[in-house]
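J.:
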Amino acid sequence: MNTEPHAAAPWWTSAVVYQIYPRSFQDSDGDGIGDLRGILQRVDYLAELGVDVVWLSPVYRSPQHDNGYDISDYQDIDPLFGTLDDLDLLTAALHEHGIKVVMDLVVNHTSHEHQWFAESRSAKDSPRRDWYWWRPGRGGMEPGAPGAEPTNWGSLFSGPAWEYDEATGEYYLHLFSREQPDLNWENPAVRQAIYGMMRWWLDRGIDGFRMDVINFISKDVRADGSLPDGPVVSGPYGDPAQGTINGPRVHEFLQEMQREVFGGRRDAVLLVGETPGTTVEDGLLFSDRRRGELDMVFTFEHVSLDQGPAGKFDRKPLDLRDLKATLGRWQTGLADVGWNALYWDNHDQPRIVSRYGDDGRYRVESATMLATVLHLHRGTPYVYQGEELAMTNAHFTSFDAYRDIESLRFVAQSRELGHLTDDQILASLAAVSRDNARTPVQWDSSANAGFTTGKPWIAVNLNHATINAQGQRADRGSVFQYYRQLIMLRHSDPVVQLGDFTMLLPEHPHIYAFSRSLNGTKLFVLGNFSGHDQKADLGQSLSDGAELVIGNYRAPASIVGAIISLRPWEALAIREPGRTRSGGTRP
Ligand code: NOJ
Numbered sequence: 097m098n099t100e101p102h103a104a105a106p107w108w109t110s111a112v113v114y115q116i117y118p119r120s121f122q123d124s125d126g127d128g129i130g131d132l133r134g135i136l137q138r139v140d141y142l143a144e145l146g147v148d149v150v151w152l153s154p155v156y157r158s159p160q161h162d163n164g165y166d167i168s169d170y171q172d173i174d175p176l177f178g179t180l181d182d183l184d185l186l187t188a189a190l191h192e193h194g195i196k197v198v199m200d201l202v203v204n205h206t207s208h209e210h211q212w213f214a215e216s217r218s219a220k221d222s223p224r225r226d227w228y229w230w231r232p233g234r235g236g237m238e239p240g241a242p243g244a245e246p247t248n249w250g251s252l253f254s255g256p257a258w259e260y261d262e263a264t265g266e267y268y269l270h271l272f273s274r275e276q277p278d279l280n281w282e283n284p285a286v287r288q289a290i291y292g293m294m295r296w297w298l299d300r301g302i303d304g305f306r307m308d309v310i311n312f313i314s315k316d317v318r319a320d321g322s323l324p325d326g327p328v329v330s331g332p333y334g335d336p337a338q339g340t341i342n343g344p345r346v347h348e349f350l351q352e353m354q355r356e357v358f359g360g361r362r363d364a365v366l367l368v369g370e371t372p373g374t375t376v377e378d379g380l381l382f383s384d385r386r387r388g389e390l391d392m393v394f395t396f397e398h399v400s401l402d403q404g405p406a407g408k409f410d411r412k413p414l415d416l417r418d419l420k421a422t423l424g425r426w427q428t429g430l431a432d433v434g435w436n437a438l439y440w441d442n443h444d445q446p447r448i449v450s451r452y453g454d455d456g457r458y459r460v461e462s463a464t465m466l467a468t469v470l471h472l473h474r475g476t477p478y479v480y481q482g483e484e485l486a487m488t489n490a491h492f493t494s495f496d497a498y499r500d501i502e503s504l505r506f507v508a509q510s511r512e513l514g515h516l517t518d519d520q521i522l523a524s525l526a527a528v529s530r531d532n533a534r535t536p537v538q539w540d541s542s543a544n545a546g547f548t549t550g551k552p553w554i555a556v557n558l559n560h561a562t563i564n565a566q567g568q569r570a571d572r573g574s575v576f577q578y579y580r581q582l583i584m585l586r587h588s589d590p591v592v593q594l595g596d597f598t599m600l601l602p603e604h605p606h607i608y609a610f611s612r613s614l615n616g617t618k619l620f621v622l623g624n625f626s627g628h629d630q631k632a633d634l635g636q637s638l639s640d641g642a643e644l645v646i647g648n649y650r651a652p653a654s655i656v657g658a659i660i661s662l663r664p665w666e667a668l669a670i671r672e673p674g675r676t677r678s679g680g681t682r683p
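Residue numbers for the sequence shown follow the numbering used here, beginning at 97 and rising by one.
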């Protein structure tokens, strides 16, 4: 079997990335919060799973208003998580297993406690004043009064995107919470400070960055310094998207960053951008290697399809045809020159098995089906901690269980506006609160799931009694073992790595089907997105040489001519041989 990626293909075309949210991964000192030494205790687990890269959510010094996405010192570790020495130890241990380390980097904004902001805020004539977005109130209005903000923008965490600062009588911009002021990338000194800091991390042995909301860094500022209002779609504020997302200089800034930061190290590192509100066309610009910007981007389109017009907390059911149309568009759009980052879960999204699967009766089947479909697309798959165990949503039923700033602000704003009942608010949180992904990793069935000996900062899911890593490592039929197989397939199969993608059966309401092909070899991938038997007509009979590559039911699926019958949440991949072949059994 060919275990090498195509000679000209970047290393990450055959890699799988694992995201760690350190706060919820493993606690080593009993304070109830995960830390770097805790991760160190679990390096063998990561090696057993077989992942190639670990992406660490932020561990920098931070007042933790947004769990580390509010950085107050880019070049130090928060004492909650450990020290720089701990990080070096962890990096060395991961490197020993051939696992690269990618740091999450938040440079659209800092913490309000960052020294840069303290200086910027201190006086209008501070040399760092222009490092952030300071603006006077609207002409003719009393500064600080409601509606006097420089634009009508709402923050992504509810409330206005501007905070009035009495000391100097001006407002500063914060697209997220008021504790997260936006940096002014128009200022070259800001950019140079960021590039210098990034080089410092690379010199320390880090293998790349996941760049938080990196497409927000260029604002649509007019020549007179003003910023445009946004349309009011729902709620009291304007949508800042037009003035802040994929702004006029975003590509220029990223190209500059490439030149200034990466130099000769370009091919060894991974640079993945989080890019909300990005279309396929933008995604292509960001990830076209010849342009020297990012290696790949996270699209949000496929995780917004179950969202109603009032935004994230407004829920509607997923129509599978929309999911196929969306992911299919990204596959085709980025086919030849760009690259996709493939994900279902991360620290901001609810658990996929509870969202697009069935976290009750068919938890194992639906989790493995979803994994099969995702991992066999063209792109680099990302696994979020606990996804490989089919951990479920938290299913919290009371407000006091929630910790996340976005969720808490949503509750406060909804109550203030009075348009939703408490039960409706709780139902929205149960469906999409970010805390669903943030309950501690379930290592075993003991008290606190083996996560901590102290009191966990957020409740452990009670289902850790039956859903946990210890049980699944020992069970050949587990979700964990299935993820291992998928990761091995990504490492070994050139069709999975580099094959072309064709969506099949786009109009089928329950079956997700596609083929991948390379040098005459074809891989058919099918997933049943329902708890009922379904039939798929491939339109062509499989040859005698067709092999089952992977499937999530023990007994083979029934195939008669071109018709494949799929059981509830069943998934399988079949290889039609061409010039490249490897082992497997006929379904
Ligand atoms: C995106 C991150 O993924 C999220 O967790 C964070 O709250 C915002 N950016 C702000 O940094």
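Glycine is no exception: its CB is placed at the ideal position from the N, C-alpha and C atoms.
(1) Using the three-state DSSP reduction, which class does F576 fall into: helix, strand or coil?
(2) Please classify A609: does DSSP put it in a helix, a strand, or coil?
(3) For V155, verify whether its CB is less than 7 Å away from any heavy atom of the ligand ZN.
(4) Check whether the Cβ atoms of I116 and V147 sit closer than 8 Å, and answer yes or no.
(5) Let's see if you can read the secondary structure: which residues bound the beta strand (DSSP E) around P590?
(6) What residue range is occupied by the uninterrupted alpha helix (DSSP H) comprising I290?
(7) Straight-line CA distance for R612 to D166?
(8) Go ahead and pull the three-state DSSP assignment for P477.
(9) Are there any heavy atoms of the ligand NOJ lying less than 7 Å away from the beta-carbon of E370, as far as the coordinates show?
(10) Looking only at DSSP bridge pairs, what is L201 linked to?
(11) Using the Cβ count rule (16 or more neighbours within 10 Å means buried), how would you classify V656?
(12) Within 10 angstroms of its Cβ, does E100 collect 16 or more other Cβ (buried), or is it exposed?
(13) Between L622 and A609, how many whole angstroms is the CB-CB distance? I'm expecting something under 8 Å.
(14) What residue range does the alpha helix (DSSP H) around T187 cover?
(15) Pairs of beta-carbons, one from the stretch 278 to 292 and one from the stretch 527 to 545, closer than 8 Å: are there three or more?
(16) So, G326 versus A337, is the Cβ gap smaller than 8 Å?
(17) Can you tell me whether DSSP reads G434 as helix, strand or coil?
(18) Going by beta carbon distance, what residues of the same chain come within less than 6 Å of P239, once the five residues before and after it are set aside?
(19) Using 7 Å as the cut-off, classify the Cβ of Y165 as near or not near the heavy atoms of the ligand NOJ, replying yes or no.
(20) Can you name the residues that DSSP bridges to N624?
(21) Look at the Cβ atom of I563, then the Cβ atom of A486, and state whether they are nearer than 8 Å.
(22) Just to check my reading of the structure: G255 and R505 have Cβ atoms closer than 8 Å, yes? What is that Cβ distance to the nearest angstrom?
(23) Our contact map puts I135 next to R119 with C-beta atoms below 8 Å; I'd like the distance itself, whole angstroms only.
(24) Secondary structure at S678, three-state DSSP: helix, strand or coil?
(25) Whole-angstrom Cβ separation of A669 and F620, contact assumed at under 8 Å?
(26) Decide if the stretch 594 to 608 is in contact with the stretch 412 to 420; the criterion is three or more beta carbon pairs, one per stretch, under 8 Å apart.
(27) Is the stretch 188 to 202 in contact with the stretch 138 to 155, if contact means three or more CB pairs nearer than 8 Å?
(28) Which residues does DSSP pair with M353 in a beta bridge?
(29) Would you identify the three-state DSSP class for K631, choosing helix, strand or coil?
(30) In terms of residue numbering, what span does the beta strand (DSSP E) encompassing D378 cover?
(31) Kindly indicate the opening and closing residues of the beta strand (DSSP E) around S110.
(32) Between W229 and Y170, how many whole angstroms is the CB-CB distance? I'm expecting something under 8 Å.
(33) How is the alpha helix (DSSP H) around W212 delimited, first residue to last?
(34) Does the separation of the CB atoms of E259 and P159 fall below 8 Å?
(35) From the DSSP output, read off the bridge partner residues of M392.
T.: Looking at the coordinates:
(1) Here residue 576 refers to the residue found at position 480 when the sequence shown is read from its first residue. In the structure shown, F576 sits in a helix (DSSP, three-state: H, G or I).
(2) As a position in the sequence shown, residue 609 is number 513, starting the count at 1. DSSP places A609 in strand when its eight states are reduced to three.
(3) With respect to small molecules bound, the structure shown includes the ligand NOJ and not the ligand ZN.
(4) In the sequence shown, counting from the first residue as 1, residue 116 sits at position 20. In the sequence shown, counting from the first residue as 1, residue 147 sits at position 51. No, Cβ-Cβ distance for I116 and V147 is not below 8 Å.
(5) Start at 1 with the first residue of the sequence shown, and residue 590 comes out as number 494. For P590, there is no enclosing beta strand (DSSP E); the enclosing alpha helix (DSSP H) has its first and last residue at P590 to L594.
(6) In the sequence shown, counting from the first residue as 1, residue 290 sits at position 194. DSSP places I290 inside the alpha helix (DSSP H), whose first and last residues are P284 to D299.
(7) Mapped onto the sequence shown, residue 612 falls at position 516. Mapped onto the sequence shown, residue 166 falls at position 70. If you take the alpha carbons of R612 and D166, they lie about 41 Å apart.
(8) Looking up residue 477 in the sequence shown gives position 381. Strand.
(9) Counted from its first residue, the sequence shown places residue 370 at position 274. At least one heavy atom of the ligand NOJ is found less than 7 Å from the C-beta of E370.
(10) The count along the sequence shown starts at 1 and reaches residue 201 at position 105. Beta-bridge annotation (DSSP): L201 is paired with M307.
(11) Here residue 656 corresponds to residue number 560 of the sequence shown, with the count starting at 1. Counting every other CB atom within 10 Å of its CB across the protein chains shown gives V656 a total below 16, marking it as exposed.
(12) Stepping through the sequence shown from its first residue, residue 100 is reached at position 4. Note that E100 has pLDDT 46, beneath the 50 cutoff, so the model's placement of it is unreliable and the number below is only indicative. Around the CB of E100, fewer than 16 other CB atoms lie within 10 Å, so the residue is classed as exposed.
(13) The count along the sequence shown starts at 1 and reaches residue 622 at position 526. The count along the sequence shown starts at 1 and reaches residue 609 at position 513. Contact between L622 and A609 holds: their C-beta atoms lie close to 5 Å from each other, under 8 Å.
(14) Within the sequence shown, numbered from 1, the residue matching residue 187 stands at position 91. First-last of the alpha helix (DSSP H) with T187: L180 to E192.
(15) Taking 8 Å as the limit for Cβ pairs, the verdict is that the stretch 527 to 545 does not touch the stretch 278 to 292.
(16) As a first step, residue 326 must be located in the sequence shown, where it is residue number 230. As a first step, residue 337 must be located in the sequence shown, where it is residue number 241. Here G326 is near A337, since their CB atoms are less than 8 Å apart.
(17) In the sequence shown, the residue the question calls residue 434 occupies position 338. Look at G434 here: in three-state DSSP terms it is coil, with no helix or strand label.
(18) Counting from 1 along the sequence shown, the entry for residue 239 is found at position 143. Here the set comprises G233 and G265.
(19) Here the question's residue 165 lines up with position 69 in the sequence shown. Inclusion of Y165 in the 7 Å shell around the ligand NOJ follows from its C-beta lying nearer than that to a non-hydrogen atom of the ligand.
(20) Looking up residue 624 in the sequence shown gives position 528. Among the bridge pairs identified by DSSP, N624 is matched with I607.
(21) If you number the sequence shown from 1, residue 563 lands on position 467. If you number the sequence shown from 1, residue 486 lands on position 390. Closer than 8 Å, so yes.
(22) If you number the sequence shown from 1, residue 255 lands on position 159. If you number the sequence shown from 1, residue 505 lands on position 409. Right, the Cβ-Cβ distance comes to about 7 Å (below 8 Å), so this counts as a contact.
(23) Sequence index remark: in the sequence shown, residue 135 carries index 39 (1-based). Sequence index remark: in the sequence shown, residue 119 carries index 23 (1-based). So it is not a contact: roughly 11 Å between Cβ atoms.
(24) Taking the sequence shown and counting its residues from 1, the one referred to as residue 678 is at position 582. Any reading at S678 needs caution, since the residue's pLDDT is 46, under 50, leaving its predicted position unreliable; the model's value is listed next. Three-state DSSP puts S678 in coil, outside helix and strand.
(25) Your numbering for residue 669 matches position 573 in the sequence shown. Your numbering for residue 620 matches position 524 in the sequence shown. Between F620 and A669 the Cβ distance is about 7 Å, and since that is below 8 Å, they are a contact.
(26) Yes: at least three Cβ pairs fall under 8 Å.
(27) Contact between the stretch 188 to 202 and the stretch 138 to 155 is present, because at least three Cβ pairs lie under 8 Å.
(28) Looking up residue 353 in the sequence shown gives position 257. For M353, DSSP assigns no beta-bridge partner whatsoever.
(29) Position 535 of the sequence shown, counted from the first residue, corresponds to residue 631. In this structure, K631 counts as strand in the three-state DSSP scheme.
(30) Here the question's residue 378 lines up with position 282 in the sequence shown. Here D378 belongs to no beta strand (DSSP E); instead the alpha helix (DSSP H) covers V376 to S383.
(31) For this step, residue 110 is matched to residue 14 along the sequence shown. First-last for S110: undefined, no H or E at that position.
(32) Here residue 229 corresponds to residue number 133 of the sequence shown, with the count starting at 1. Here residue 170 corresponds to residue number 74 of the sequence shown, with the count starting at 1. 19 Å between Cβ atoms; not a contact.
(33) Taking the sequence shown and counting its residues from 1, the one referred to as residue 212 is at position 116. Counted as a single uninterrupted DSSP element, the alpha helix (DSSP H) harbouring W212 occupies residues Q211 to S218.
(34) Locating residue 259 in the sequence shown gives position 163, counting from the first residue. Locating residue 159 in the sequence shown gives position 63, counting from the first residue. No. Outside cutoff.
(35) Here residue 392 corresponds to residue number 296 of the sequence shown, with the count starting at 1. Residue pairing for M392: DSSP places it in a beta bridge opposite V368.
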